[in-house]
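To start, the structure itself, in structure tokens.
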Amino acid sequence: MPHYIDEKCIGCTACVSVCPTEAISGERKQLHYIDPKLCIDCDACVRSCPVLAIADEFGVYKPRIPKRSDWPKPVIDPVSCSGCDFCVDICPFDCLELAGDGPFFGTAVLVRPNACVGCKECEEVCAKGAIIVLAPDEQHPIAVAEGRM
Numbered sequence: 001m002p003h004y005i006d007e008k009c010i011g012c013t014a015c016v017s018v019c020p021t022e023a024i025s026g027e028r029k030q031l032h033y034i035d036p037k038l039c040i041d042c043d044a045c046v047r048s049c050p051v052l053a054i055a056d057e058f059g060v061y062k063p064r065i066p067k068r069s070d071w072p073k074p075v076i077d078p079v080s081c082s083g084c085d086f087c088v089d090i091c092p093f094d095c096l097e098l099a100g101d102g103p104f105f106g107t108a109v110l111v112r113p114n115a116c117v118g119c120k121e122c123e124e125v126c127a128k129g130a131i132i133v134l135a136p137d138e139q140h141p142i143a144v145a146e147g148r149m
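Going by UniProt numbering, the first residue of the sequence shown is number 1, and it counts up by one from there.
Here it is in structure tokens:
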């Protein structure tokens, strides 16, 4: 079920700039609209809305998370990553690249963490389960440093 924007919307376009599927449309300073066919329920728009005008399918309004460094990010297990590059191809903000010496072609690496909106497209497409998108407070520092989850 998609998110929706209510009448509190001020048309600031913050949600438009972070939507990975371009599901949000509207003119500046006008009420915006989320196309339910394109919305993937990633919460990026919710985290960016300064006036809390976006609710989930149950009508729940979540708090804004102003700093992108506090948004969920992919954690990649290099042992499980096959280097297929599906995650690299699907990332709408070019946040991932293949690098290093993986089993075949290198492993996926988050190279643009500040551009990542935590949409989970990379997690969804990973057939090996090597990627999990976690909020910073859910990431164990030792596991992240060693590439484990």
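By construction, the Cβ of each residue, glycine as well, lies at the ideal position given by its N, Cα and C atoms.
Within 10 angstroms of the Cβ of residue i, are there 16 or more other Cβ atoms? Answer buried if so, exposed if not.
| i | result |
| --- | --- |
| Ile142 | Unreliable placement is indicated for Ile142, whose pLDDT of 47 sits below 50; the coordinate value is still reported in the next sentence. Its Cβ having fewer than 16 others within 10 Å, Ile142 is exposed. |
Select from the options the residue whose C-alpha is nearest the C-alpha of residue i.
| i | options | result |
| --- | --- | --- |
| Thr13 | Pro36, Leu38, Lys37 and Val51 | Val51 |
| Cys95 | Ser82, Asp137 and Cys116 | Cys116 |
| Leu38 | His3, Gly59, Phe58 and Glu138 | His3 |
Is the beta carbon of residue i within less than 7 angstroms of some heavy atom of the ligand MG?
| i | result |
| --- | --- |
| Cys45 | Absence of the ligand MG from the depicted structure is noted, as is the absence of any ligand whatsoever, leaving it without description. |
How many whole angstroms separate the CB atoms of residue i and residue j, which I take to be in contact at a CB cut-off of 8 angstroms?
| i | j | result |
| --- | --- | --- |
| Pro62 | Asp35 | Before going on, a small fix: residue 62 reads as Lys here, not Pro. No, Lys62 and Asp35 are not in contact; Cβ-Cβ is about 20 angstroms, not under 8 angstroms. |
| Ile54 | Ala130 | 31 angstroms between Cβ atoms; not a contact. |
| Val109 | Glu97 | 6 angstroms |
| Gly118 | Lys73 | 6 angstroms |
| Asp85 | Pro136 | No, Asp85 and Pro136 are not in contact; Cβ-Cβ is about 26 angstroms, not under 8 angstroms. |
Cα separation between residue i and residue j?
| i | j | result |
| --- | --- | --- |
| Arg148 | Val88 | Low local confidence applies: a pLDDT of 47 at Arg148 is under 50, so the model's placement there is unreliable, and no value is given. |
| Arg28 | Gly106 | 43 angstroms |
| Arg112 | Pro92 | 12 angstroms |
| Ile40 | Gly11 | 21 angstroms |
| Cys19 | Lys128 | 26 angstroms |
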